[in-house]
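Everything on this sheet refers to the single structure shown next.
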Amino acid sequence: MRILFLTHAFNSLTQRLFVELQEQGHEISVEFDINDAVALEAVTLYQPELIIAPFLKRAIPDGIWRNTTCFVVHPGIRGDRGPSALDWAILQDLPKWGVSVLQANAEMDAGEIWSSVELKMRKTSKGSLYRNEVTEAAVKAIVLAVDRYTDKVFRPEPLNPDDSSITGEWQPLMRQCDRAIDWQQDNSGEVLRKIRSADGFPGVKDEFFGRELFLYDARPEPTLQGEPGEVIARCGPAICRATHDGAVWIGHLKDKATEHAFKLPATQLVADEVAGLPEIEADERSGYREIWYEQQNGIGYLHFPFYNGAMGTRQCMALLKAYKQATQQDTRAIVLFGGPDYWSNGMHLNLIEAAESAADESWRNINAIDDLALEIINTDSHLTIAALQGNAGAGGVFLARAADEVWVRQGIILNPHYKDMGNLYGSEYWTYLLARYVGEEHAAVIIDNRLPLSTRQAVELQLADREIKQRGDEFISQVRLLAETVIRTPAFRERLHYKNVRRQADEQTKPLSRYREEELEQMKRNFYGFDPSYHVARYNFVHKVPKSRTPLTIASHRRMASKWKRVS
Ligand code: COA
């Protein structure tokens, strides 16, 4: 079937549906919801049999839904309506929630129900639920709805207010006052829920140190205590605020009153205010841990759940240090676990944007990631495994491919390309790694296509080596089990020997230092050259400047139209 995605952005859920439906044989094109005229033009150009709106911020124009069936993905149970569905479910601490596929009509979210899938809520941020449980449920719901639509027998269920099995109802847009924190009254659980209901967007507005700040990235603190509302400690990027029954860590803040009105590490944004506070060393019981190592049955495990998968210079250097220590242990393999939501999204674009010289900070950051990639590629004492629980993008994908094996949780999305960031050339030894694992021909296609890859595609292309079905804690257990099996196989020593022989042979053919030099030469042009595209694209990305058109890489209907124009 020919399906048009009408969406506010090509976000992670839209990307996942894009690859899933393509794998089921559907033809998909994407149009960003910029205005009515542009959306109507896309429909005229593409003539879709069905329109899907995976992520929309406004109603679909009349002229579209009246003529073509439109499915809206709503992150709510049957009957739920309104723009803050997930926010309310988190704030109300519901144990279960759902995703429904509704047919667009004149009233927002009030159309007939084509499918609905239940999900179990986890105590985490809205963004994390969206990228995990909501995405999985949405895939099931959309696949079911599309099948039902294709069969032409199924009759969608009207939204009937008298039907007692429909428990959802209209819920308004959540306002700041609905989740404002009362530091004197709210316990830690309530504070966490309020912040998590607004994380990644819009953040909970709060006032402290005489400033109006938005809070993100909250974690519980089980041991520290203080006067409710008081900032009592710091740890890495995070600050600790006391509640009346304990304390919480806040990792990121946004100050809309400054020129850098985007999320930054808390200790950076209120650096002067927290300078005199005690600095806590994080361990498994207390503090805000960004990187930690554990060891079990001959294997070392490194965790690095950096917020949004962004890896700044300091974080890369700290991870390199932890990695080097891991290679000194009496173990046979090192597993790089990343974090539950992202493995890595490459350089930290927010920190670069906030730096005095964005070009200099970009240079430092890319060199710090390259140093880490180099250490992983050159590890001759251990088998290295990148185990991706969450998505990876740009340099993050190649950093993973620096390991000997890449194991991916089924359903995550990989974006192994850089060019969407203002034609950024990229480094992380991608010019070596991509050709080495997927071959020259596929490497060029992957880089030029700039498309998200499913885990199945990644394994087919040998960008990844193994898909793992389990999710969450089960993924972690399964990786441990598989890694232990790998190091116990009789051929393990031979395997290690072979990898080192191969590396030495590759080094003879072309040293890694040359790959790096060549990549960084191009990056220097991106950072310091006459063409400002990278700086403009980064500014737009960090400041979330709305897109004014859909990239041709995903808008196949516009690609066809522009070819036709060139020919005529
Ligand atoms: N640096 C800083 N923040 C980043 C980031 C990075 N490299 N990559 C993603 N983020 C942030 C986004 O700004 C967003 O922030 P929010 O919480 O305020 O909304 C959040 O992470 C989620 O990103 P989003 O783009 O919404 O996720 P997605 O799953 O839809 O898209 C990517 C994933 C990887 C395609 C997209 O995030 C991206 O292009 N990132 C930049 C990658 C890059 O160019 N890195 C530098 C070169 S190595």
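Take -13 as the starting number for the sequence shown in our numbering and just add one per residue.
Note that beta-carbon positions come from the ideal geometry of N, C-alpha and C, so glycine has one too.
If you're wondering where the values come from, they're calculated on a predicted model, not measured in any experiment.
Item to check | Exposure of D517, with buried meaning 16 or more beta-carbon neighbours within 10 Å | outcome: Its Cβ having fewer than 16 others within 10 Å, D517 is exposed.
Checklist entry - Which of the three DSSP states, helix, strand or coil, is assigned to W329? => result In the three-state reduction of the DSSP assignment, W329 falls in the strand class, which pools E and B.
Item to check | Residue closest to R67, alpha-carbon to alpha-carbon, out of I76, D73, D95 and R44 | outcome: For the residues I76, D73, D95 and R44, the minimum Cα distance to R67 belongs to D95.
Item to check | Cα-Cα separation, Y411 to R500 | outcome: Cα to Cα, the separation comes out at about 16 angstroms.
Checklist entry - Do L(-8) and A25 have their CB atoms nearer than 7 angstroms? => result Yes.
Next on the checklist: Nearest by alpha-carbon distance to N568: which of F248, E414, I540 and V87 is it?
Outcome noted: Residue numbering for the chain in the displayed model covers -13 to 554; residue 568 lies beyond these limits and cannot be assessed.
Checklist entry - Would a C-beta distance cut-off of 7 angstroms place A219 and P264 closer than the cut-off? => result Taking the C-beta atoms as reference points, P264 is found nearer than 7 angstroms to A219.
Item to check | Closest by C-alpha distance to N53, when choosing among L36, H60, P40 and K43 | outcome: Looking at the Cα atoms, L36 is the closest of the given residues.
Next on the checklist: I need the straight-line Cα distance from G408 to Q254, nearest angstrom please.
Outcome noted: Just so you know, the alpha carbons of G408 and Q254 end up roughly 27 angstroms apart.
Checklist entry - Is it the case that the Cβ atoms of W329 and A268 are separated by a distance below 7 angstroms? => result The answer is no: Cβ separation not under 7 angstroms.
Next on the checklist: Between the alpha carbons of R2 and R422, how many angstroms are there, rounded?
Outcome noted: Near 27 angstroms, if we compare the C-alpha coordinates of R422 and R2.
Checklist entry - Got a sec, what are the start and stop residues for the beta strand (DSSP E) H289 sits in? => result For H289, the enclosing beta strand (DSSP E) covers residues I285 to H289.
Next on the checklist: Just to confirm, is the Cβ distance from R271 to W235 under 7 angstroms?
Outcome noted: Taking 7 angstroms as the Cβ cut-off, R271 and W235 do not qualify as a contacting pair.
Next on the checklist: Could you tell me which whole alpha helix (DSSP H) segments of length 4 or greater appear in the stretch 511 to 535?
Outcome noted: Listed in chain order, they are 519 to 528.
Next on the checklist: Less than 8 angstroms between C-beta atoms, sequence neighbours within five positions excluded: which residues of the same chain meet that for T317?
Outcome noted: For T317, the CB contacts under 8 angstroms within the same chain, skipping 5 residues up- and downstream, are Q281, G284, I285, G286 and H368 in chain order.
Checklist entry - Tell me which same chain residues have a C-beta within less than 6 angstroms of the C-beta of E391, skipping the five on either side of it? => result Closer than 6 angstroms at Cβ, skipping near neighbours: I371 and D451.
Checklist entry - Which full runs of the alpha helix (DSSP H) of 4+ residues lie inside the stretch 48 to 112, going along the chain? => result Taken in chain order, the complete alpha helix (DSSP H) segments of 4 residues or longer contained in the stretch 48 to 112 are 48 to 51 and 71 to 77.
Item to check | CA nearest to the CA of F(-4), picked from I38, M(-13) and Q10 | outcome: Nearest option by C-alpha distance: I38.
Next on the checklist: Could you pull the DSSP bridge partners for Q282 from this structure?
Outcome noted: Its beta-bridge partners are I285.
Checklist entry - How big is the Cα-Cα spacing for L305 and L358? => result So the alpha carbons of these two residues sit roughly 8 angstroms apart.
Item to check | Residue burial classification, R544 (beta-carbon count within 10 angstroms, cutoff 16) | outcome: Burial call: buried.
Next on the checklist: My output table needs one value for S554: the three-state DSSP class, helix, strand or coil.
Outcome noted: With a pLDDT of 44 at S554, under the threshold of 50, the modelled position of this residue cannot be trusted; read the value that follows with caution. S554: coil per DSSP, three-state reduction.
Item to check | Other residues of its chain near I167: CB distance less than 7 angstroms, five sequence neighbours each side excluded | outcome: Correct list, in chain order: V177, K180, V190 and D192.
Next on the checklist: Mapping the DSSP letters down to three states, classify Y202 as helix, strand or coil.
Outcome noted: Note: Y202 maps to strand in three-state DSSP.
Checklist entry - Taking V85 as the reference, which of N91, A75 and A92 has the closest Cα? => result Relative to the Cα of V85, the nearest Cα in the group N91, A75 and A92 belongs to A75.
Next on the checklist: By the DSSP assignment, the beta strand (DSSP E) with S15 in it spans what residues?
Outcome noted: That run of the beta strand (DSSP E) goes E13 to F18.
Item to check | Every unbroken alpha helix (DSSP H) inside the stretch 338 to 363 [4 residues or more] | outcome: Restricted to the stretch 338 to 363, the alpha helix (DSSP H) segments that are unbroken, complete and at least 4 residues in length are 344 to 363, listed in chain order.
Item to check | Same chain only: Cβ atoms within 7 angstroms of E122, ignoring 5 sequence neighbours per side | outcome: Cβ within range, chain order: G397.
Next on the checklist: Here's the rule I'm using: 16 or more other beta-carbon atoms within 10 Å means buried, otherwise exposed. How should D172 be labelled?
Outcome noted: It is buried - the Cβ of D172 has at least 16 other Cβ atoms within 10 Å.
Checklist entry - Rounded to whole angstroms, how far is the Cβ of F513 from the Cβ of W349, which I believe are closer than 8 angstroms? => result That pair is a contact at about 6 angstroms.
Next on the checklist: Between V103, P402 and A131, which has its C-alpha nearest E119's C-alpha?
Outcome noted: Of the candidates V103, P402 and A131, the one whose C-alpha sits nearest the C-alpha of E119 is V103.
Checklist entry - By Cβ distance below 7 angstroms, which residues in the same chain neighbour N336 in space, the five residues on each side in sequence not counted? => result The beta carbon of N336 lies closer than 7 angstroms to those of F248, K249, L250, A296 and V528 in the same chain, with the five residues before and after it left out.
Item to check | M333 CB to nearest heavy atom of the ligand COA below 6 angstroms | outcome: Yes, the Cβ of M333 comes within 6 angstroms of a heavy atom of the ligand COA.
Item to check | Coarse secondary structure for I37, derived from DSSP in three states | outcome: Strand.
Item to check | Per DSSP, cross-strand counterpart(s) of D192 | outcome: L199.
Checklist entry - Buried or exposed: which applies to K240, given that a residue is buried once 16 or more other Cβ atoms fall within 10 Å of its Cβ? => result Here K240 is buried. Its C-beta has 16 or more other C-beta atoms within 10 Å.
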